[in-house]
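Below you'll find the structure, written out as structure tokens, and then a few comments.
Put into structure tokens, the structure is as follows:
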């Protein structure tokens, strides 16, 4: 284990969908930890619902001042799969990065577009084009109508490609 990794914030890989379990067990052991969450509006079985989901699914952050002595304790915590590392090197996150995430945690919120919303396309070949949502396509996609080469074109785009106006 690299001796330069003592003291600081580290990333833990959790078992599938066990971020909350890992955080709860780490807190019980006295570790300072967090898993940033995001409020997302999803369409499930045709109904809108607001859900809170992990910003980084499968990962949580933990602070450890004595990683060498706490390594096995962290690794064997219920809900934790492993400590993220590259060979023998365990990367340490800068405090400024953690501070920016903790500030973002309370503010982060997205909503699914609704039929009739005007949106700006933020990615792909139609980046910068304005469009109108004309239909919903599952949990994470929608149909939009945009003007391209003097014609109205229907396209299916992912919610994350769109910016609500």
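Residue numbers (my numbering): 1 to 165.
Even glycine gets a Cβ: it sits at the ideal position worked out from N, Cα and C.
Thinking C-beta only, is residue 163 closer than 8 Å to residue 133?
-> no
Within 10 angstroms of its Cβ, does residue 64 collect 16 or more other Cβ (buried), or is it exposed?
-> buried
Please say whether residue 55 and residue 71 have beta carbons closer to each other than 8 Å?
-> no
So which of 29, 58, 101, 8 has the shortest CA-CA distance to residue 18?
-> 58
Compute the beta-carbon to beta-carbon distance between residue 25 and residue 79, rounded to the nearest angstrom, for a pair I have assumed lies under 8 Å.
-> 6 Å
Measure the alpha-carbon distance for residue 113 versus residue 93 and round it to whole angstroms.
-> 34 Å
Using the DSSP secondary-structure output, state which residues sit across from residue 78 in a beta bridge.
-> Its beta-bridge partners do not exist; DSSP assigns none.
Sorted by chain position, which residues of the same chain lie with C-beta nearer than 7 Å to residue 42's C-beta, five sequence neighbours on each side aside?
-> 49, 51, 112, 139
Identify, in the order they occur along the chain, each residue of the same chain with its Cβ nearer than 8 Å to the Cβ of residue 171, setting aside the five sequence neighbours on each side.
-> This structure leaves residue 171 out entirely; the chain is present only between 1 and 165.
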